[in-house]
Every structure is written in C-alpha cells, then in structure tokens.
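Encoded as structure tokens, the structure appears first; notes follow it.
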Amino acid sequence: MSGNGFQQSYANEKPPSSTGSAEADINTDPASSGFFTTDFKKHEDLKQMLDSNKDALKLEAMKRVVGMVAKGKDASELFPAVVKNVVSKNLEIKKLVYVYLTRYAEEQQDLALLSISTFQRALKDPNQLIRASALRVLSSVRVIVIAPIMMLAIKEAVMDMSPYVRKTAAHAIPKLYGLDPETKDQLIEVLERLLGDKTTLVAGSAIQAFEEICPERIDLIHKNYRKLCNLLVDVEEWGQVVIINTLTRYARTQFINPNSGEMAEEEERPFYESSGKEDEGEEEEEGKGEGDQETKKAPYIMDPDHRLLLRQAKPLLNSRNSAVVMAVAQLYHHCAPKAEVGTVAKSLIRLLRSHQELQYVVLSNVATMTTKRKGMFEPYLKSFYVRSSDPLHIKLLKLEILTNLATETNISTILREFQTYVTSSDKDFAAATIQAIGRCASTISEVTDTCLNGLVHLMSNRDEAVVAESVVVIKKLLQMRPQAQQKKRPSEHKAIICHMARMVDKITVPMARASILWLIGEYSERVPKIAPDVLRKLAKSFVNEEDIVKLQVLNLATKLCITNPKQCKLLCQYVLSLAKYDQNYDIRDRSRFLRQMVLPGDNGCVFSKYAKKIFLAPKPAPVLASKFKDRDHFQLGTLSHVLNMRTTGYQELPEWPEEAPDTAVRNVELPPIWEDKPTKPSKTGAKKKHDLKSFYSESESSEEDDSSEDDSSEDDDDEEKGSGDSDAESGSSKAAKSSEEESEEEEEDSSEEEEEEEEDSSEVDSEVEIAVARKKDTKKEVAGKAAKGGTKAAKASADLLLDLDDFGSMDTSGTSSAAVTPGNLLTPTAALDLGPSPGGGDSKPAASSAVLSINVTPKSYDLLHRISGNGLSITYKFTRTISVFSPNMASIELTLTNNSEGPLNNIKLGDIKVQPGMEVQPFPEIATLAVNATTSVLMGVNFNDTTQPASLEVCAGEQKFKVNISASVGELLQPHTMSEGDFANQQKKLGGMNENSATIAVDDESGTDRAICTSVLTAGNLLQVPSSDEKVFKFAAKTLASGTLVLVSVKVTDKKARVTVNSDKMVIGTMLLKDIQKVMEKK
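Numbering (this note's numbering), first residue to last: 4 to 1086.
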C-alpha cells in the first residue's frame, strides 16, 4: 500500500467526531499521517448522511450540524446539503433544518432564494412551529426583491390562529422595515392589529416592533393602554421590560407630574389654576379671586390610568429577572409620586446579591437616585459597605453612594467606615476614600473640623499616595472655609500650611506638590518666613520638576515678589529666567506674561500697577459634587445612563405636560354582550373586516351601524374558527363599499370622510394591492400587446417557483388578478417600484421612473494566445453574475480551444500567485480536449477590490504557461437595489472627498437615454435606479469584496453630461469615472 493510498483511506474511513467535523479529530492526533493530508474533504461524512434516504441518518446529521452552530463553529459549507432537506416530511428534521436556515439564510442568499416556493408552502403547514419557522427563515433572507413576499407572509401570519405565529410575525416586521423602509406605512397598519392582540405571548413582541418602527406614533397605544397594563404581569420577562419602558414614555406625555405640588411650594406660586376661575366671566371677579387661588390651591388627583400603571407594575418588583426589577424602578423614579418611590429600594438592594456585572448597573442607577432621594436608601446603609472581595469599580460606586447618603445623623458611622477604607492596600480606593471624606466635610459643616484634623493626621501616613491625596483634599477644604472664619482662626491655617511646607522634600506626587505650593502662595502673608525658603528650595530643583509643579512655582514666585519684594525679587527673576528657556511652551508663555506683570521694564506694563489685585484676589471655592449629579437627564436603566453619554437609538424622556391631555382617547367602546342581535345570512359567504374602520370612525349612520354589528359578529365567529383567506378579505372590501354607497344617500357630508377611511382600510386589508398596482404600472409603461402577452407568460411560469394562491385573489371589481410573477418579483429593477400608489394603484407613474432594459454583451479578453500556448488558446470574459463559488468572487468564463495537431490532456491551473487578500477558485480539471475542440469552464477570483492582476500557471500535460488575469474596476462591482430616496440620502453622505465628477460633451446620438445607460452599464456592472427627473440617470452597485457602496449619476443638460461617482473608496470612484468617460467619448 502506497503512502498516498494510506493517507486517503485513513482520512475517509476515520469515524466522525461528535461535533460533526472529522477535521478536529485528525488535528488532535499529531502522530497520524493524516495530520498532513491536503485532499481531506471537510464535513464529507455529514454531507453523505444528509444525502441519504434514511430519515434516521438525516436526523442524526442535523443534530450534529445544529450542535456545531450552537458551539459557534462555521457550518456554512453544508448549506446546499441542508437546504435540500427542507422538503422532508419528517417533522423533527424539518424543524432542525429551519433552525439552520435561520442562521445562514442571510449569508447564502442565492441558495435560499431557490427555496422560496418551499417556504411559501410551509406557511400553510398545519403545524404552527413549521409556519413560524418558515416565516422566520423568509424574513432572514435579506434581499429586497422578496420584500413583497415577506409583506404578504406577514399579513397572513398576523391573521393566524396560533399566537406563536403572530409573535413571529411581530419579530419579522422590524426585519422587513430594515430591509425596505418604504414599507413603513403598510407595516404600521399591520402593527396596529398586532397591538390589539389580547394574547400575552404577542404583546411584548408587538411593542418591541412598535419601538423599532414608529416610537413616535404614541396614538397607537391609546386604545391598548389599559389592556397592556392588565396583561403586564402575565407577559414574558423580556416583554415586560419593553412594555414598561414604552409605558414610561407614554405616562410622561399623557399624565401630569404627580410631584408638581411640591415644586409649586418651592417656587411659592400655584401651579394649577382654580377651576372656579374659568366659570367666572367677568374680569373684576377674576381679579378678586387671585388672592384665594394662592390660599386654596386645587389638590392633585392622580389619573386612574396613571394609578393603574403603577399598581400593575408593583408586583413585578419581586421578579427573578433583574432587568424587570430595574425597569419598574425607573418607572417609579420617573413617574411615581415622591412618597411611593421608596417601595423600589428593597428590590434594588436584593439585586446587589447577584453577579458583579449586574451590581455595577444597579449601583450606577442607585447612585443617581441618591443624589435627589437620600432618605430612600438610608435604612439600607450597611448594604453599601465595601467588601474585600469587591472589584475596584464596585468599591468606587459604593463609596459614591455612601457619600451621597451622608447626613448629620449617620455621618459618624460613615466616617468610621471610611477610616477602615483609608488603610486599604488598593491605592486608588484609598485615594477615592480621602476624596469622599472631603466631600462629607464640605457638605456637612458639623464635621468639617473633625475631617480636617483627620486628614492632617493622614499626612504622616507611610503611604505616599495617601499623603498626596490628603494634601489635595485639605487644600480644597481650606479654600472652602468662609473668609470670616479664616480671620477668626488664622493660626489654624498657619499650622497646617507649615506642616505641609516641611513635607515638600518628602512628597513626590506632582499634584500634591502643586497643591502645597498653591496654599503657600495664597496664604503667604501668614507664613512670611517659610514661604521664601520654600521658593529657594524649589528654585534649585525647578529644572527637574513636572510641568504642573513648575507652573505653581512661577505663581508662588510672582505672589512673593508682590508681597515680599525685598527677599524674593532676585529669586523671582531667577525662576522666570529658568522658565524662559523651558521645553514646555505653556511654561515659557507664562514666564513672559508674569515678567511683564511683576518685573516691568523701562516702558512698563499697563497692568503692573494692578498686579496685587489680579494675583491676590479672593478665589472662588471649588465645588465638590457627585459625578452622578448630571446623569438624571438620562432615563435610568439605559446604556446612555451607564455611559453618561447619548448612545445611538436613545430616546429622550419626554417632559411632563402642563395640562392633562384628554383621557377619552383611552376609552374603548365595546358592544354589550347581552344585547340580542339579529343574524343575517352572509351574501358573499365570507367575513367582513370592520374592526379597522370602527377604530378610526366612531360616528356612523344608523344603517351602517346595524350592518357593521351584524358583520362584526360574523367576524368574531370566523376568527375563532381560524378562517382568513384573501378571497374573503377582498369580498369584505366590496361589502364595505356597498355599505358606503347606502350611507351616501342619507348623509352626504359624513359619507365623504367615511369613503376616504374605507379606501384606506381596503388598501390595508387587500393583500394583492401591491401586485395589482405593479401590474397596472407595468402595463402603462409598456403599453403594448407584447407586454400583456409577457405578463401572461410570466404568470404561467410563476407556478414553477411561487404559490400563486398566496398572491392572487379577487380584486374589488370581482376579476381575478395574479399578484406576483417571477418577471416582476425576482428581478432587482422591479423591486424598486413596490408599494401601492396613493390612489390605490390607479395613478400613472412618471415616465422617467421607468428603468430601461439594456443587455450589455460581455467583452472577451485574450488570456493565452495559440502561438504562445503551443496550439492552446484561452480567452476569458466576466459573466457579471453571482459566482457559484463565493459571492465575493467575480465569475469568469474561460473558453479553451485546441488549435494543435493532437489532443491536450489534463488541463488545469498550477501555481497561483496573488496579492494578500486575493483568492482564486480554479476551474475543474479538463481531462481531454480534442483537436479543434472548444470548451468553456467557470472560475472565480476575489480581487479584493483592486485591479492588481492574478498570476496563474496553466498546465496542459507537462506544458506550463504563465498568464495574468486582471479586471477593470467596473467588473469588481455587483448590482445593488435601492430606492430613489435611499440613493439621495446615501449620495449626501458620500460627498466631499468621496465624490468625483466630470463633464462630457455629447451629441444627439450619444446623448439619448439608451446611449447613456448603455455607456454606463458597459463601463461597470451597475443597476439603474428609478429617477423622478427624466434628465438624471442613477445607478447603484456594491464592491464584491467589501460591499462598499458605489453610486453613479448622469445629468444631461445642453449637449453636456455631468457624470458623478460617489464611493467611500476614492480610488475605485476615480477609476470608474475615467472608464465611463472613455466609453461615452468613444460613442
């Protein structure tokens, strides 16, 4: 047995590993000869199991594949083998396949698109899990051309009887909105129905979709507010978090501030006007009643809906989920009366027993709450004591909270705790503790002297960091002492400053040395004998000091020169001369400035006479405040609050309204269930969707009320039975129009408004509106019999890919219309013109919005001439299609011709030399090429968005030929679909240096629409974007490797074409502009 044969058999016969990849097993055995195997096929065993006919093997393979995905391993290579099993009849296999497809559908979009018809059929599956999984996979395919399919699937799923499917539909709504923002209006209509869902499983997901799509549409919450409050306890935990955050913003816009009474007392003016004042019509009586308003202020009465929210949220403080507890805490902090906010304190303390990550978030929020509500957490003071096992960031937060909670009653306990912290081995924590002691001394005047004495004792500590921080804090405390107290007790300052002056030689921390020098300079009159000596010592070591110390030495010299010029003038001159030649320009500038102030020359300085008033003026005391004081403007529990900066997606918490809005908007009128209703047989045999109309319109005619009651009862019955096909919906819109015509005869004015509402609701209810509008637009643009014939042909071919039952239905006129065809759905150009027109699809689009159908023949290039190749000639061309090897590769078709006298054998690629980042996928080996025979093969090359050539070696038997294959910048692009609005927005972002433009002269022949579009599409693989301006042509593409957006616009005016290229990659933009210019000039 040869060595190669042994390696091959070992690699193929070795049993697979538990993870589904035999590669890991080979790598773990270094002694195996298979360790160096190069022809081993990855996941080959799993592919064979997935291709087998036995469900047991497929199920085992899918379990191992999903296990790989769960462990974070790459299983994308198995996508073709897995996607084939999506049609399996085995329920367990199908579930696992959908789990896999959900993960990789976005990466393998081309293969996923081939299975769309299967996903469509799965939406009708009897099993709710399969229906939901199919919708989940469908929404994971991030291709804009299937946006209409996703929209119709979501509309069907919203009507599904299973709440799990409706929940999945709510999750799909933000995905579709992110893919195609133009569908926002239609999605809001669908979302409105989901918000009205009474199932707890759907509520949280519907609110999350609401937050991502239209958080500003607060009117959608009105009718569902009380329902959401009542369902809050039973909703899943993460749904509770989303609902509470939404209702917090809602409460801030719809209710008045419950703490406004206290604010009014502080401002000594009434916040609410007396209700009796409005009843008094005479101005004289108003003047008399103004005095009574201040004495008899209207008491605050909480809105019942406001109380409902707080009452329903309170039990959630016992939730096991810390996020839910934090959400309720922020609700009470922002929306509850001050007396009730304390109820959340105990629950927040409970969260401090959890992991350190949660502790940090909770303590950050508690620190913000303690800046305004000290008494709230004062009973739980010991819960914030620092433990030796706490990390530094937790210690600092607890220290911050203890400092905020310090009052006259508990300050002695807190200071005793701080004394222990000062001796900590953690230098940063000890320094922070000294700062906390300084804050306590500044806020509580009773303990200022005690803290100051304690800090003076700390100056004799062995730890230099503790001494340095103590000096800094003492300096701040001495600044904060009132001037009157300083005059009464000057000896106290003198003793402290003298003690500090003796420590100048020992302390090396720059900030502490600078603080000592500032104190000596500020109070130099109290230490007239010590200050000059300190300046003398610092003048010797001036050159070796830090910059912050040098600046204070200059200030000290200046102040002493003003107060004691006899002893210090020469020292001041010496120090200023040293600073004049310092390396730091700040110190040089300061020395020049100070010299003119205290040592003026012959000319003198205008300000020198005011030097004493300038340098020895009383300084404002520093403010020792909590760093969490300014975080209250961020909503608690948000990332912006934790980071103390506005993050992407953060929504400001609204301010309280001055007057309470109308509470009637939250009233929901329901017909009494005990009322007897006459039943009518349905003429159409289908239900009528009237709930949307009744939502918007409350006042209707009597005949319309009767018919709506009858039909709504049938609607309720049908919804319970789960019937909801599109034919019935179109019938309902027809019935709605007939009822509208009856009301028109009785009330002309009201019927016009109702007619508009009915038209809007019919657009929402009819699932074929998009397709009908698209079909009409297509007919108007083409306007010929050929277009009609093409539509019928496309309709017939749609059965091969799509289930037309999902797209076609009876329209309002009673004629059947096929909604989606492959011709107008799975092509990028048609996807740009989606959505119903404002007039229900009857309005005629602008002529310039049509996209010209232009076919560009790929240009062929010589790769190997028949003379150089000894009879073998090779040409190549770029197919401009998605590569079968990788979406990042350019698809290249090679045409090989044998011009020699004998056959050529074993034609393949040999050595490949490419630049870093480039990849080459060789074509399959050609066993034999007969004489005068020609064959074509495909290969892929990832040029990494560069025009650098790839050096290849073509082997034909024993012959080897060196060739280079390169691509123009236009072949490095792939078409990108986008709307005109998106094009304009992206073009604005890619301005400045990312924009290249040129003006090209055109004549009558080269300036036509078709000629210009042909020139641009010849130069690059782009896609035309519809334009509302008939003189402007727009094109979009993305680079193959990095996906960088490339935008091209051509504006034709007066025999000139202005070509503009926008792209983040300036080199590509410049080269593409030159290529387009060359092509247009040739024409």
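No residue lacks a Cβ here, since even glycine has one placed at the ideal position from N, Cα and C.
Treat the numbers as computed from the prediction; the structure is a model and nothing was measured.
Residue 1022: buried (16+ other C-beta within 10 angstroms of its C-beta) or exposed? Only buried fits residue 1022, as 16 or more other CB atoms lie within 10 angstroms of its CB.
Measuring straight from C-alpha to C-alpha, what distance separates residue 667 and residue 181? 35 Å
My assumption, with CB atoms under 8 Å, is that residue 1039 sits in contact with residue 1050. Please give the rounded CB distance. 6 Å
Evaluate contact between the stretch 499 to 512 and the stretch 587 to 606, counting only Cβ atoms and requiring at least three cross-stretch pairs below 8 Å. No: fewer than three Cβ pairs fall under 8 Å.
Residue 131 vs residue 165 beta-carbon contact at 8 Å: yes
Given residue 883 as reference, the closest of 87, 196, 895, 877 once Cα atoms are compared: 895
For the beta strand (DSSP E) containing residue 1061, list its first residue and its last residue. If you look at residue 1061, you'll find it in the beta strand (DSSP E) that goes 1059 to 1066.
Would you kindly work out how many angstroms separate the C-alpha atoms of residue 966 and residue 944, rounded to a whole number? 14 Å
With DSSP as the reference, label residue 178 as helix, strand or coil. helix
Where the alpha helix (DSSP H) containing residue 101 begins and where it ends: First-last of the alpha helix (DSSP H) with residue 101: 94 to 107.
So what's residue 233 in DSSP terms, helix, strand or just coil? helix
Would you say the stretch 1006 to 1019 touches the stretch 1063 to 1077, given that touching needs at least three Cβ pairs under 8 Å? Counting Cβ pairs under 8 Å, fewer than three are found: no touch.
Okay, do the stretch 245 to 262 and the stretch 316 to 336 touch, 3+ Cβ pairs below 8 Å being the bar? yes
When the Cα atoms are used, what is the spatial distance from residue 432 to residue 393? 11 Å
Suppose you measure from the CA of residue 524 to the CA of residue 448; what does that come to, to the nearest Å? Their backbone Cα atoms lie some 26 Å apart in a straight line.
Alpha-carbon spacing of residue 646 relative to residue 1056, whole angstroms: Distance between the alpha carbons of residue 646 and residue 1056: 52 Å.
For the putative contact between residue 639 and residue 371, defined by C-beta atoms under 8 Å, what is the C-beta separation to the nearest angstrom? 7 Å
In the DSSP assignment, the alpha helix (DSSP H) including residue 559 goes from what residue to what residue? 550 to 566
Are there three or more Cβ pairs, one per stretch, closer than 8 Å when the stretch 856 to 872 is compared with the stretch 910 to 922? no
Please classify residue 321: does DSSP put it in a helix, a strand, or coil? helix
Within 8 Å, strictly: CB atoms of residue 513 and residue 537: no
With respect to the alpha helix (DSSP H) encompassing residue 639, which residues constitute its N-terminal and C-terminal limits? That residue, residue 639, is in no alpha helix (DSSP H); it is neither H nor E in DSSP.
For residue 531 and residue 345, I'd like the C-alpha separation in whole angstroms. 55 Å
Just list the residues that DSSP pairs residue 942 with in beta bridges. According to DSSP, residue 942 bridges with 895.
Within this structure, are the beta carbons of residue 980 and residue 147 separated by less than 8 Å? In this structure, the beta-carbon distance from residue 980 to residue 147 falls below 8 Å.
Based on Cα-Cα distance, which residue from 948, 85, 454 lies nearest to residue 443? 454
Apply the 10 Å Cβ neighbour rule to residue 960 and answer buried if 16 or more other Cβ atoms are within range, or exposed otherwise. By the neighbour-count rule (16 or more Cβ atoms within 10 Å), residue 960 is not buried but exposed.
Given a threshold of 16 other Cβ atoms within 10 Å of its Cβ, counted over all protein chains shown, does residue 177 qualify as buried or as exposed? Burial call: buried.
Report all residues from its chain with a CB closer than 6 Å to the CB of residue 234; omit the five preceding and five following residues, and keep chain order. 203, 206
According to the Cβ coordinates, are residue 1072 and residue 988 closer than 8 Å? In this structure, residue 988 does not lie closer than 8 Å to residue 1072 by Cβ.
Taking C-alpha atoms, which residue in 888, 940, 948 lies nearest to residue 1135? This structure cannot speak to residue 1135, because the chain is shown only from 4 to 1086.
Taking its Cβ as the centre, do 16 or more other Cβ atoms sit within 10 Å of residue 1083, making it buried, or is it exposed? buried
For a minimum of 4 consecutive residues, which ranges assigned as the alpha helix (DSSP H) are wholly contained in the stretch 301 to 373? 307 to 316, 325 to 338, 348 to 354, 359 to 373
Have a look at 1009, 1046, 1066, 1033 and flag the residue whose alpha-carbon is nearest the alpha-carbon of residue 1058. 1009
Have a look at residue 363 and residue 381 and give me their C-alpha separation to the nearest angstrom. Cα to Cα, the separation comes out at about 19 Å.
Buried or exposed (CB count within 10 angstroms, at least 16 for buried), residue 403: buried
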